[in-house]
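*Asks:* Each residue of the sequence shown is one higher than the one before, starting from 349 at the first, in this note's numbering.
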Amino acid sequence: MSHPPSDEPDELSPEQPDPDQHAMMDSNEILASAILDEPQVDVTQLYLNEIGLAPLLSAEEEVALARRTVQGDFEARQTMIERNLRLVVNIAKHYSNRGLTLLDLVEEGNLGLIHALEKFDPERGFRFSTYATWWIRQNIERAIMNQSRTIRLPVHIIKELNIYLRAKRHLETHGITDASADDIALLTGHAVEDVRRIMQLNERVASLDAPLDVDPTLSLGEAIADDNAHLPDEMLQLEEIEHHVHEWITQLNDKQRWVIERRFGLNNREACTLEDLALELQVTRERVRQIQMESLRVLRQLLRRRGVSRDELF
349 MSHPPSDEPD ELSPEQPDPD QHAMMDSNEI LASAILDEPQ VDVTQLYLNE IGLAPLLSAE
409 EEVALARRTV QGDFEARQTM IERNLRLVVN IAKHYSNRGL TLLDLVEEGN LGLIHALEKF
469 DPERGFRFST YATWWIRQNI ERAIMNQSRT IRLPVHIIKE LNIYLRAKRH LETHGITDAS
529 ADDIALLTGH AVEDVRRIMQ LNERVASLDA PLDVDPTLSL GEAIADDNAH LPDEMLQLEE
589 IEHHVHEWIT QLNDKQRWVI ERRFGLNNRE ACTLEDLALE LQVTRERVRQ IQMESLRVLR
649 QLLRRRGVSR DELF
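1) Tell me which same chain residues have a C-beta within less than 7 Å of the C-beta of ILE429, skipping the five on either side of it?
2) Look at ARG635 and LEU627 and say whether their C-beta atoms are less than 9 Å apart.
3) Using the C-alpha atoms, what's the distance from ASN510 back to LEU647?
4) Going by Cα to Cα distance, which pick from GLU489, THR478 and GLU423 is closest to GLU676?
5) How many Å lie between THR481 and ILE505 at the Cα?
6) For the candidate residues ASN487, ALA407, LEU404 and LEU519, whose alpha-carbon lies nearest to that of ASN458?
7) Determine whether the beta carbon atoms of ARG431 and ALA412 lie at a separation below 9 Å.
8) According to the neighbour-count rule (16 or more other Cβ atoms, all chains shown, within 10 Å of its Cβ), is GLU541 buried or exposed?
9) Quick check: the Cα distance between THR536 and LYS516, rounded to an integer number of angstroms?
10) In terms of residues, what are the limits of the alpha helix (DSSP H) holding ALA402?
11) Would you tell me roughly how many angstroms separate the C-alpha atoms of THR478 and ASP469, rounded to the nearest one?
12) In chain order, what are the residue ranges of uninterrupted alpha helix (DSSP H) at least 4 long that sit wholly in the stretch 422-482?
13) When the Cα of ALA533 is compared with those of ALA407, THR598, GLN426 and VAL543, which residue comes out closest?
14) Taking the straight line between their C-alpha atoms, what separation do you get for TYR512 and LEU405?
15) Three-state secondary structure (DSSP) at GLU618?
16) For SER643, does the three-state DSSP call read helix, strand or coil?
17) Please classify GLU410: is it buried, with 16 or more other beta-carbons within 10 angstroms of its beta-carbon, or exposed?
18) Tell me whether GLN548 sits in a helix, a strand or coil according to DSSP, three-state version.
19) Quick one: what does DSSP say ASP530 is sitting in, helix, strand or coil?
20) Since TYR443 contacts LEU435 with CB under 8 Å, what's their CB separation in whole angstroms?
21) Using a Cβ-Cβ cutoff of less than 6 Å, which residues in the same chain neighbour TRP596 once the five nearest sequence positions on both sides are dropped?
22) Helix, strand or coil for HIS594? Go by DSSP, reduced to three states.
23) Would you decide whether ARG611 is buried or exposed? Buried here means 16 or more other CB atoms lie within 10 Å of its CB.
Shown next, in the form of structure tokens:
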């Protein structure tokens with residue numbers, strides 16, 4: 349397959365995705381990101397900048413505002429909350445990397461702050477920040493525990509899983525003690541690969557939640573946690589992204605699809621450089637880049653027409 353070389357300069361576009369920068373991502377995720385990525389507003393930084401403008405309260409101001417709050421002064425209540433938001437952020441930062449984003453931690457901490465204000469007695473003689481810290485921590489820690497207690501799966505996956513589990517129990521009551529995915533697929537009329545994929549998610553959830561015999565306070569997941577392993581919901585997300593990506597690229601012409609598949613390393617291939625593809629196509633590196641960017645534009649337009657956004661996939 350050959351094309352006339354382009355006379356345009358052999359330069360990389362600012363839009364050009366670099367697979368080397370995404371070494372930790374699945375190839376389908378990289379392509380989906382390249383299609384869907386738009387300039388993102390850093391909401392966390394905006395929030396931190398905004399609350400940083402509010403000056404801290406002196407002890408005297410705090411007592412006066414707290415007394416007005418007790419009397420039902422809404423404006424004083426709001427001021428007390430707003431001037432203590434930085435306290436919440438400082439506490440929330442200590443709980444990073446526990447499964448919740450900083451904004452989620454801050455939101456939970458803010459609820460603790462509000463609860464503390466409702467119970468605070470300014471006549472007791474201690475600072476509000478000292479009293480509020482306990483409630484803020486309590487709320488954040490409770491949210492982390494609730495979030496990590498179980499692995500959540502989408503409703504439609506749970507429904508499908510229940511179908512297979514019922515089929516498995518039915519087979520077991522009829523003498524098949526170790527029903528395979530093939531047995532369940534035959535009974536339900538579903539594809540064997542679908543049954544196997546969903547049942548694997550269930551097995552992983554069950555095994556990770558199971559307590560250890562040597563220490564009932566620890567689960568198996570806590571004992572053998574692998575930071576690099578995908579959780580069941582992450583596995584499901586990757587599979588859904590892969591399904592969407594393969595559907596999208598069928599809308600490209602043969603040349604565009606070939607470049608996208610090779611450039612992003614789809615179908616278990618290694619991602620190729622522009623130079624590699626240029627040699628195979630016998631065109632310039634810039635021409636390959638043009639085909640890639642043209643393909644991404646086609647895919648973006650397709651997704652906009654279908655109303656697909658980044659938030660639906662990531």
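Just so it is clear, CB atoms sit at the ideal spot from N, CA and C, and this is done for glycine as well.
*Replies:* Taking the definition as stated:
1) LEU461, ILE462 and LEU465
2) no
3) 36 Å
4) Since the first and last residues shown for the chain are 349 and 662, residue 676 lies out of range.
5) 40 Å
6) ASN487
7) no
8) exposed
9) 10 Å
10) Neither: ALA402 is in no alpha helix (DSSP H) and is coded neither H nor E.
11) 12 Å
12) 422-431, 433-440 and 450-467
13) VAL543
14) 59 Å
15) coil
16) helix
17) buried
18) helix
19) helix
20) That pair is no contact at about 14 Å.
21) LEU647
22) helix
23) buried
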